[in-house]
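Respectively, the protein sequence lines represent chains U, R and C. Position 420 of the first sequence, counting from 1, maps to 514 under our numbering, and the rest follow consecutively. Position 111 of the second sequence, counting from 1, maps to 205 under our numbering, and the rest follow consecutively. Position 20 of the third sequence, counting from 1, maps to 114 under our numbering, and the rest follow consecutively.
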Amino acid sequence: MASVRVPSGGDDWIDGLIEAQRPGHSLDQALYLDAAVFERDRERIFGNHWILAGHVSQIPDAGDYVLFEIAGESIILVRDRQGAIHAHFNVCRHRGSQVLLEPAGNARNLVCRYHGWTYACDGSLQAAPRMPDGFDARGHGLERCSLRIVEGLMFVCLARGAAPDLDAVVAGVTPYLRLHGIAKARVAHRAVYPVRANWKLAVENYLECYHCKPAHPEYCGVEIKADKIGDGSPAAMARFEARNREWLARATALGTTLPEFGTQLPLDEGLLRAQFGAAYRAPLRAGCRTAAAEGRPVAPLMGQFTEYDEGETALGIGPCTYMLAYNDYATFFQFVPRAAENSDIVITWLVDPEAREGVDYDPARLTWLWSVTTEQDKSIIEANAAGVRSSRYAPGPSSLLERDLDGFREWYLALVGPEARRKRLTRREGGRYFGI
Amino acid sequence: MASVRVPSGGDDWIDGLIEAQRPGHSLDQALYLDAAVFERDRERIFGNHWILAGHVSQIPDAGDYVLFEIAGESIILVRDRQGAIHAHFNVCRHRGSQVLLEPAGNARNLVCRYHGWTYACDGSLQAAPRMPDGFDARGHGLERCSLRIVEGLMFVCLARGAAPDLDAVVAGVTPYLRLHGIAKARVAHRAVYPVRANWKLAVENYLECYHCKPAHPEYCGVEIKADKIGDGSPAAMARFEARNREWLARATALGTTLPEFGTQLPLDEGLLRAQFGAAYRAPLRAGCRTAAAEGRPVAPLMGQFTEYDEGETALGIGPCTYMLAYNDYATFFQFVPRAAENSDIVITWLVDPEAREGVDYDPARLTWLWSVTTEQDKSIIEANAAGVRSSRYAPGPSSLLERDLDGFREWYLALVGPEARRKRLTRREGGRYFGI
Amino acid sequence: MASVRVPSGGDDWIDGLIEAQRPGHSLDQALYLDAAVFERDRERIFGNHWILAGHVSQIPDAGDYVLFEIAGESIILVRDRQGAIHAHFNVCRHRGSQVLLEPAGNARNLVCRYHGWTYACDGSLQAAPRMPDGFDARGHGLERCSLRIVEGLMFVCLARGAAPDLDAVVAGVTPYLRLHGIAKARVAHRAVYPVRANWKLAVENYLECYHCKPAHPEYCGVEIKADKIGDGSPAAMARFEARNREWLARATALGTTLPEFGTQLPLDEGLLRAQFGAAYRAPLRAGCRTAAAEGRPVAPLMGQFTEYDEGETALGIGPCTYMLAYNDYATFFQFVPRAAENSDIVITWLVDPEAREGVDYDPARLTWLWSVTTEQDKSIIEANAAGVRSSRYAPGPSSLLERDLDGFREWYLALVGPEARRKRLTRREGGRYFGI
């Protein structure tokens with residue numbers, strides 16, 4: 095068979111490629127396709143940042159656990175008898191078997207199915223039968239994974255050393271999460287959309303609404319910003335501004351406004367700034383109380399809302415975790431890399447903890463808008479990936495509505511590029527780039 | 095596709111391997127299996143030659159389009175309102191999405207589904223909403239693909255620079271295509287046979303009839319040359335020669351003979367010389383009016399035929415496009431590489447433009463012979479590929495009936511080998527190697 | 095995921111990695127995952143050892159053949175008219191096609207389906223039509239594969255040169271095979287379990303019973319050693335020793351004991367020493383006459399057994415072939431590599447040649463225990479492989495019940511490591527390492 099031949103010159107070519115990227119344009123082909131670039135992404139991005147792994151309502155009772163899988167790793171999130179939650183790499187310290195195989199369950203201890211090595215919920219090895227004298231059980235606990243719980247959201251960091259500081263982001267987004275009652279909310283549904291495309295193509299799709307009008311008619315039915323974005327005419331702008339003023343007055347009266355957080359792009363450069371720690375609120379179309387069919391409520395009011403203010407909240411933490419929340423439900427979007435050209439889009443729908451399925455909400459109505467919209471995005475992203483594979487693909491220029499993509503790309507290039515670039519950008523942008 | 099990074103030591107090992115090939119033998123294993131060799135094939139063969147992409151009858155009306163996919167590229171073939179046909183790489187100049195996704199359709203303009211960038215049929219960018227000042231729409235048209243229409247056949251060339259000269263081949267084959275009325279014919283059926291094998295194993299299968307007797311009983315029922323080839327005895331040769339004389343007399347009387355074109359192998363070295371621009375006519379078995387069950391007609395007479403002359407026409411243009419045509423129908427065979435060990439055999443059946451499906455022809459009867467024969471070939475080619483993967487595969491010697499394979503291999507090795515070899519062969523063979 | 099390591103500088107990194115392995119621990123990640131290591135395994139292990147390919151009862155009549163596939167090779171095992179069995183690489187000497195495609199059948203000659211090249215059962219080329227003058231048919235026979243038949247078991251060796259000496263192993267295991275009448279036995283069933291894991295993870299699973307108690311309740315119902323192994327308490331040990339004494343007395347009286355053969359591990363280090371030429375007998379649980387539901391017979395007595403002695407026989411030949419045999423049936427386990435992370439476990443059940451399916455045995459009852467147990471093992475091995483892919487996988491220490499794994503690993507490392515290591519181990523261990 096063919097001998098596997100070696101790429102010449104180590105990884106320097108990636109540094110060189112990154113330095114050659116043209117600002118304000120999509121990235122070169124290799125950054126979306128190459129397996130070595132993906133390894134770099136895994137190491138520098140997914141191996142070194144806080145990633146949303148789930149919500150505490152998924153494991154309410156002692157012994158409840160869920161597995162979270164990302165970029166080849168499986169993480170156990172388990173609640174102990176004192177109610178504390180722990181995160182461990184799902185790798186037995188004996189011969190490396192995955193300890194738990196079911197995606198979720200309840201277990202008094204974490205018992206490896208292979209040879210019965212038994213770990214406590216805190217990861218310590220409790221029993222390992224017939225080991226020779228001198229075996230040090232204390233040195234063979236499950237490897238701990240960094241975990242941080244933010245208003246009920248479980249974030250993990252795969253880094254071997256210290257995880258990046260998340261305090262500034264947490265401080266910025268917490269008021270938003272509290273407005274929506276995320277800490278006490280309950281997972282109503284979760285869906286995984288496998289996408290045959292590099293994770294960056296999926297994130298880029300999420301970070302702009304330039305495509306909303308051509309691609310998402312259902313979404314545009316409830317989102318007023320689609321008017322403004324899709325057209326840009328003075329008339330559309332005026333319509334949007336009028337609606338925004340009307341909504342601000344209403345939300346202010348209800349006490350549901352919050353100071354914007356994060357990157358301070360001028361308002362007319364796009365409303366979606368949900369990136370690397372950012373949050374804002376904005377109006378839905380007049381008459382739409384939530385993001386659902388005909389704008390009609392699909393679940394009981396959540397969090398601090400006492401009546402419908404007709405707004406939505408957009409929020410981002412890190413490059414791959416975003417929230418879009420309405421008065422009666424919240425959605426979290428995760429972009430989970432699988433391989434250079436495979437990713438998952440994972441959506442979690444949250445509702446008020448008291449809401450009863452089939453009584454207070456109908457899952458089909460709850461999930462309709464973001465199911466149909468994400469199916470559209472999956473198709474679009476895969477067509478994008480197919481075109482990027484062509485010999486004739488060339489990075490193209492951003493529109494006025496894609497400034498967030500440029501921000502995302504700069505941030506990405508700084509992280510995977512040579513150290514000099516990383517330092518340069520950090521200096522120039524001050525506190526903007528979290529987690530570097 | 096991604097610029098696959100260069101294996102250390104460059105591609106010299108491929109050059110070395112090519113120079114080591116033994117004339118009159120099948121190729122070394124790596125030339126059928128190796129991914130780097132396939133990249134070289136893509137660059138030197140499929141990236142630099144004219145390839146049949148379809149027939150104009152597939153897009154009869156203004157706005158009609160078809161996509162043609164080969165070796166990782168997607169090409170749009172579209173007819174404009176003036177009736178002109180254009181070929182473009184199916185890659186949006188914005189962020190690289192494939193512009194069109196359906197394999198065929200009708201569109202007033204070519205509108206990218208992602209962000210609505212709108213191209214005219216000639217590829218020029220007509221609309222790109224909300225681009226910043228200074229954006230040059232004229233610099234962002236679809237990348238044009240070289241296109242040449244020969245008697246209704248649409249050929250594309252993926253080369254970035256000038257496409258190879260095809261004039262000599264076109265001049266040679268045009269009388270044959272006219273005899274069969276190809277320019278006005280209509281596509282009756284199209285079938286794709288995915289084959290798990292390198293494209294060269296599929297072409298080699300096509301280029302010899304040594305396997306016809308062991309493998310293709312249905313085919314041998316109508317093809318007199320199978321007798322001669324499968325046996326080679328003086329009696330069989332005499333039978334063939336008698337039949338050939340009889341047929342020549344008939345065809346001459348009907349005015350359906352044509353001067354042979356292309357490589358001038360002696361007649362007794364095989365009748366299939368359909369290669370790199372070659373064409374000839376030959377008889378079917380006595381009593382067979384066409385290549386179909388029991389030799390009975392399956393469609394109305396085509397082109398210049400006014401009655402059945404009982405002949406067939408074989409014709410080749412470039413390494414991967416062949417025609418076998420009879421009095422009442424024509425088939426085009428394309429060998430389309432997908433990956434080092436994956437190819438498609440694509441067959442297109444053409445009939446007279448006035449022939450009505452279900453009335454004048456039955457698609458099942460029309461396609462029967464070449465469907466059953468190609469299924470057999472798919473199985474054979476895949477068994478060949480399986481054997482070539484063995485550590486014990488060794489190039490074996492050609493029979494007397496495989497001289498066209500030797501010609502194909504020489505031509506292939508000249509194209510993918512070192513430049514010196516290419517020059518040497520060109521000089522020696524004069525005008526034989528088209529498209530180098 | 096595995097840090098994909100750059101195989102810079104040829105294969106030296108494999109030698110270095112092997113020298114860095116820690117004794118008494120599982121192997122480093124790359125040895126279970128890396129494609130270059132798998133190539134080395136193919137060359138040094140599967141390309142250079144005797145591998146069980148089948149049983150003569152699969153091809154009882156003249157012209158009967160079976161194909162055996164391993165590590166990319168297909169081997170024809172065929173019986174000629176004199177009753178002799180031949181093994182050939184299934185690669186036509188013409189253009190490399192696999193000659194035979196059906197997994198088993200009967201053929202007067204071995205006729206390549208592609209061009210009809212015809213080989214006798216001894217591999218000599220009998221007919222190759224229309225080859226040019228000077229073609230040497232004698233130089234184009236099928237490539238012979240080394241074959242050795244041991245008590246009806248057909249072993250092949252893929253080595254190009256001399257196959258390793260197997261005489262010492264054959265001498266050691268023959269009495270065991272004769273006790274069970276393997277030479278005359280008949281294949282009753284064969285099952286293939288594809289496993290997504292490196293072959294070494296599958297063999298390691300086979301070579302220890304540390305996992306039997308957590309993973310195999312059905313197995314533990316009939317196997318007394320599971321008690322001892324799973325617990326290790328003085329009470330369990332005493333129970334086992336008492337049962338062993340009782341059984342030895344019975345077996346001695348029946349004449350069904352045999353001297354142990356192979357590596358002489360102390361008894362308390364585990365009963366499974368079936369490795370690289372090793373064999374022993376041991377008792378089942380009291381009251382269990384065979385390894386089946388409730389210990390009840392599932393087929394007529396085999397071989398030299400005249401009544402049930404309630405024992406089992408474990409036997410190994412080379413790294414990938416093992417037998418577990420009972421009084422009424424025998425099973426052979428083969429570990430067949432497919433790719434770095436894909437293997438097959440192949441199980442063959444043998445019964446007395448006179449036993450009639452549906453009358454003397456019920457295939458479902460016959461195969462029940464090892465079917466259910468192997469499904470469990472497949473799941474376990476795949477979970478092991480999944481954990482080994484994690485960045486946090488680290489080789490862990492062996493228990494007292496995994497000494498055979500350490501022996502297997504030492505043997506493996508000696509074979510795939512630098513020559514110095516191979517010599518060192520051979521010298522130290524004397525005749526222990528067969529087939530080096």
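Glycine residues also receive a C-beta, built at the ideal position from the N, C-alpha and C atoms.
Give a yes or no on whether the minimum CB-CB distance between Phe429 (chain U) and chain C is below 7 Å.
no
Whole angstroms are fine: how far does the CA of Ala434 (chain U) sit from the CA of Tyr126 (chain R)?
26 Å
Under 7 Å Cβ to Cβ from Leu252 (chain R), same chain only, skipping five residues before and after it: list those, please.
Phe140, Gly141, Glu167, Cys239
Between which two residues does the beta strand (DSSP E) harbouring Cys251 (chain U) extend?
247 to 251
Option in C:His274, C:Cys206, C:Met396 with minimal Cα separation from Lys307 (chain R):
C:Cys206
Tell me, which residues are paired with Ala424 (chain C) by DSSP?
C:Ala419, C:Leu444
Mind the definition here: the stretch 425 to 439 of chain U touches the stretch 160 to 174 of chain R only if three or more C-beta pairs lie below 8 Å; say whether that holds.
no
Interfacial residues, the stretch 213 to 236 of chain C to chain R, with Cβ spacing under 8 Å:
Ala222, Pro223, Arg224, Met225, Pro226, Phe229, His234
Since Phe249 (chain C) and Leu146 (chain C) are thought to touch, with beta carbons under 8 Å apart, how far apart are those beta carbons, to the nearest angstrom?
6 Å
Kindly list, in the order they appear in chain U, the residues whose Cβ is closer than 8 Å to that of Cys186 (chain R).
Gly481, Gly490
Could you check how far apart the C-beta atoms of Ile179 (chain U) and Ile276 (chain U) are, in whole angstroms? I think they sit under 8 Å.
Not a contact, Cβ separation roughly 16 Å.
DSSP-derived helix/strand/coil call for Tyr126 (chain U)
helix
Use the C-beta contact count for Asp573 (chain R): other C-beta atoms within 10 angstroms, 16 or more gives buried, fewer gives exposed.
Chain R is shown from 95 up to 530; residue 573 (chain R) falls before or after that span and cannot be answered.
Three-state secondary structure (DSSP) of Tyr374 (chain R):
strand
For Thr346 (chain R), name the three-state secondary structure that DSSP assigns.
helix
What number of angstroms, rounded off, separates the C-alpha of Arg136 (chain U) from the C-alpha of Val510 (chain U)?
10 Å
Below 8 Å on the Cβ atoms is my contact criterion, and I expect Thr415 (chain R) with Gln428 (chain R) to pass it. Report the Cβ-Cβ distance as a whole number of Å.
6 Å
When we look at the beta-carbon of Arg254 (chain R) and count the other beta-carbons within 10 Å, is it buried (16 or more) or exposed?
exposed
The beta strand (DSSP E) with Arg497 (chain R) in it runs from where to where?
First-last for Arg497 (chain R): 497 to 510, but that is the alpha helix (DSSP H), not the beta strand (DSSP E).
Determine, using beta carbons only, whether His149 (chain R) comes closer than 7 Å to chain U.
no
Delimiting residues of the alpha helix (DSSP H) encompassing Trp464 (chain R):
457 to 482
Residues that DSSP places opposite His283 (chain C) in a beta bridge:
C:Trp443
Establish whether the CB of His209 (chain C) and some CB of chain R are separated by less than 7 Å.
yes
Over the uninterrupted beta strand (DSSP E) stretch that includes Asn60 (chain U), give me the two end residues.
Lying before the first or after the last residue shown, residue 60 (chain U) is absent from chain U, which here runs from 95 to 530.
Under 6 Å Cβ to Cβ from Pro288 (chain U), same chain only, skipping five residues before and after it: list those, please.
Asp438
Determine whether the Cβ of Ser240 (chain R) lies closer than 7 Å to any Cβ atom of chain C.
no
Short-range partners of chain C found in the stretch 280 to 312 of chain R, where Cβ spacing is below 9 Å
Leu295, Glu298, Asn299, Glu302, Tyr304, His305, Lys307, Pro308, Ala309
On the premise that Tyr159 (chain U) lies in contact with Ala201 (chain U), defined as a C-beta separation below 8 Å, what is that separation, rounded to the nearest angstrom?
6 Å
Mapping DSSP to helix, strand and coil, what is Tyr213 (chain R)?
strand
Return helix, strand or coil for Gln220 (chain U), following the three-state DSSP convention.
strand
One question on the structure: do Thr461 (chain C) and His283 (chain C) come within less than 7 Å of each other, judged by their Cβ atoms?
yes
Give the secondary structure of Asn436 (chain U) by DSSP, where H, G and I count as helix, E and B as strand, and everything else as coil.
strand
Asp403 (chain U) burial status per 10 Å Cβ neighbour count (16 or more: buried)
buried
Do the CB positions of Leu236 (chain R) and His182 (chain R) come within less than 7 Å of each other?
yes
Neighbour flag for Arg189 (chain R) against chain U, beta carbons, 7 Å
yes
Would you kindly check if the distance between the Cβ of Ala479 (chain C) and the Cβ of Ala291 (chain C) is under 7 Å?
yes
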